[in-house]
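**Student:** Submitted below is the structure of interest, expressed as structure tokens.
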Amino acid sequence: MKSSETLRVVPARYPLRLFGAAIALFILAIVVQSVAFNPRWEWSVFAHWFFAPAILSGLGQTLLLTLTASVLSIFLGVLLALARLSPSWLLSGLAFSYIWLFRSLPLIVVLIILYNFSYLYDRLSLGIPFTPLTLASFKTIDVLGQFSTAVTGLTLVQAAYTAEIVRGGITGVDHGQFEAAAALGLPSSRRTLRIILPQALRAIIPSGFNEIISLAKGTAMVYVLAMPELFYTIQMVYNRTQQVIPLLMVAAVWYLLITTLLSVVQHYVERRLARSSARQSASRQPASPPRAAITPIRS
């Protein structure tokens, strides 16, 4: 073979991949045509109601429920996870019982029970058990209104799932980290908060954000409380106008936007944690020793 000849690079061909892409484009074209050109979707009605004040008010309630229940469930879930991992059999048993109970009950059942809690207890009191001493007492119907009942129900159920996610992240940390933290003489709370939990975050964040996204969609369940959040408001409107499909599409698109925003936040948080972990790994690597100069030996 002559040196002047050049090698011809032939790109690899994937006929099945091209066939699959063509089929996918064909199906996508069918879906777009059926949705865009079918007058029964009533896209003019969709555009009319998408930014309507009543819809935006319901959307605000949904976002407030999601934010409040997420913060409270994370706080309670972390406490439950730590109690679940506690060497105390009492704390561990109580945390396990809580997680078992609220992972077993459907959210809608919890919400209805809480909304009818005043039937069981006329007043909610804080005091010392088995004594007449009462520190505070409130009417149940005043404490558990629509919003407070929705937040309480969402928090109680979501905290059980969050606790298991946090527990799994903590147990996934290498056991040597626990031993190293204990060897430093740090108290247990400081070891957990400053050494173990930061390392467990990389495993907790993806599943945790999935639960927050599920919580945002689960707020639709509070319609049973007649609370004017997004889905209940949509129901009220289409029951009056009988324009069911376009109004359900309004709700679907708003839920898509909420979950997309949460997914974007998850992406940036995970990337930030990955960069931080990479910098820490680089800082822990020992510097390479300087190379020794080689002196030739003259005979």
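So in full-length UniProt numbering, spot 98 of the sequence shown is number 98, and the numbers just go up one at a time.
Positions of the beta carbon are idealized from the N, C-alpha and C atoms, including for glycine.
Computed from a predicted model, the values in this text were never measured in an experiment.
1) Count Cβ pairs between the segment 141–149 and the segment 78–86 that sit closer than 8 Å; are there 3 or more?
2) Let's test the definition: count the other Cβ atoms within 10 Å of the Cβ of L65 and tell me whether it reaches 16, buried, or not, exposed.
3) Check each candidate in L107, G77 and P106 and name the one with the smallest Cα separation from G95.
4) Run through DSSP, which three-state label would R8 get?
5) Cα-Cα, which of I55, R271, G127 and T140 is closest to L120?
6) DSSP three-state call for A160: helix, strand or coil?
7) So for R123, helix, strand or coil by DSSP?
8) What does the alpha-carbon distance come out to for the pair P266 and S92?
9) Secondary structure at F37, three-state DSSP: helix, strand or coil?
10) When we look at the beta-carbon of F102 and count the other beta-carbons within 10 Å, is it buried (16 or more) or exposed?
11) CB A22 to CB V237, shorter than 8 Å?
12) Does the Cβ of Q158 have 16 or more other Cβ atoms within 10 Å, making it buried, or fewer, making it exposed?
13) Could you say if the segment 158–177 and the segment 194–207 meet the contact criterion of at least three C-beta pairs nearer than 8 Å?
14) For S88, which three-state DSSP category applies?
15) How many whole angstroms separate the CB atoms of M227 and Q61, which I take to be in contact at a CB cut-off of 8 Å?
16) Going by beta carbon distance, what residues of the same chain come within less than 7 Å of L114, once the five residues before and after it are set aside?
17) DSSP state of L135, grouped into three classes?
18) Alpha carbon to alpha carbon, how far is L16 from A24?
19) From D122 to T192, what does the alpha carbon distance come to, in whole angstroms?
20) Drop a sphere of 10 angstroms on the beta-carbon of L90, count the other beta-carbons inside from all chains shown, and report buried for 16 or more, exposed for fewer.
21) Taking a contact to mean a Cβ-Cβ separation below 8 Å, would you say T233 touches G58 in this structure?
22) So, for F138: in the same chain, excluding its five sequence neighbours on each side, which residues have a beta-carbon less than 6 Å away from its beta-carbon?
23) In the structure shown, what three-state DSSP assignment does G185 receive?
24) State the CB to CB distance for the pair Q235 and E42, rounded to an integer number of angstroms; the pair is presumed to be in contact (CB under 8 Å).
**Tutor:** Looking at the coordinates:
1) Fewer than three beta-carbon pairs drawn from the segment 141–149 and the segment 78–86 are found closer than 8 Å, and the two stretches are therefore not classed as touching.
2) Around the C-beta of L65, 16 or more other C-beta atoms lie within 10 Å, and the residue is accordingly described as buried.
3) Just to set this straight, residue 95 is Ala in the shown sequence, not Gly. Of the candidates L107, G77 and P106, the residue whose Cα lies closest to the Cα of A95 is G77.
4) For R8, the secondary structure class from DSSP, reduced to helix, strand or coil, is coil.
5) It is T140.
6) The DSSP-derived three-state label of A160 is helix.
7) DSSP places R123 in strand when its eight states are reduced to three.
8) The sequence as given places Gln at residue 266; Pro does not occur at that position. Rounded to the nearest whole angstrom, the CA to CA distance from Q266 to S92 is 31 Å.
9) In the structure shown, the three-state DSSP call for F37 is coil.
10) It counts as buried.
11) No, they are not a contact pair.
12) Q158 counts as buried, since at least 16 other C-beta atoms from the protein chains shown sit within 10 angstroms of its C-beta.
13) Enough Cβ pairs lie closer than 8 Å, so yes.
14) Under the three-state reduction of DSSP output, S88 falls in the coil class, being neither helix nor strand.
15) Taking a contact as a CB-CB distance under 8 Å, the pair M227 and Q61 counts as one, their CB atoms being some 7 Å apart.
16) Only L144, T149, T152 and G153 meet the Cβ criterion.
17) The DSSP-derived three-state label of L135 is strand.
18) Cα-Cα distance, rounded: 12 Å.
19) Their backbone Cα atoms lie some 41 Å apart in a straight line.
20) With a 10 Å radius around the Cβ and a threshold of 16 neighbouring Cβ atoms, L90 comes out exposed.
21) Yes.
22) So the qualifying residues of the chain are L124.
23) It is coil, neither helix nor strand.
24) Actually they do not touch by this definition, with Cβ atoms about 17 Å apart.
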